[in-house]
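Residue numbers (our numbering): 4 to 158. All residues carry an ideal CB built from backbone N, CA and C; glycine is no exception. Bear in mind the structure is a predicted one, so any value in this text is a computation, not a measurement. Structure record follows, encoded as structure tokens.
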């Protein structure tokens, strides 16, 4: 059984809670991305469905899985910014330093200044199945980040 799906590139979304400069206390680099209401996230939905269909063991009840992109942005409306009704979001994680480039596909050297909460980005991601501490679900792995443009700062 495969351990992860193929990779996709997301549509442009708003970067939220970036932790891309150094690993957090769990050794992870993370980034959340928020897609506005009406954004075409069909490729992400297909990635998650493919992960459920191909990575989840046959003896696991699919209805009990934790899945990304199932919560509405209004659940985090207290954070403001892009978290509005109809918005979709997920957090992507990696154990390794993700590749980070600008709109011109050249490496970004000053990540902390360039990839701020609110920047417009695309993520290259893959999906994986996890079963840990009694929790089972599909997670999103972060491979690369491309800054697509400037956005309103959220911090």
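Residue i in three-state terms, based on DSSP
i	result
residue 153	coil
residue 79	helix
residue 20	strand
residue 97	strand
residue 91	strand
residue 110	strand
Endpoints, beta strand (DSSP E) assigned at residue i
i	result
residue 52	From DSSP, residue 52 is part of no beta strand (DSSP E) but of the alpha helix (DSSP H) over 45 to 58.
residue 34	32 to 38
residue 65	No beta strand (DSSP E) holds residue 65; DSSP gives it neither H nor E.
residue 114	No beta strand (DSSP E) holds residue 114; the alpha helix (DSSP H) holding it covers 114 to 117.
8 Å contact criterion, which residue i and residue j should meet: CB distance rounded
i	j	result
residue 156	residue 15	The pair is not a contact, with the Cβ atoms about 17 Å apart (cut-off 8 Å).
residue 72	residue 51	6 Å
residue 35	residue 94	5 Å
residue 37	residue 85	4 Å
residue 10	residue 128	7 Å
DSSP beta-bridge partners of residue i
i	result
residue 9	Note: residue 9 sits in no beta bridge, so no partner.
residue 148	103 and 126
residue 142	131
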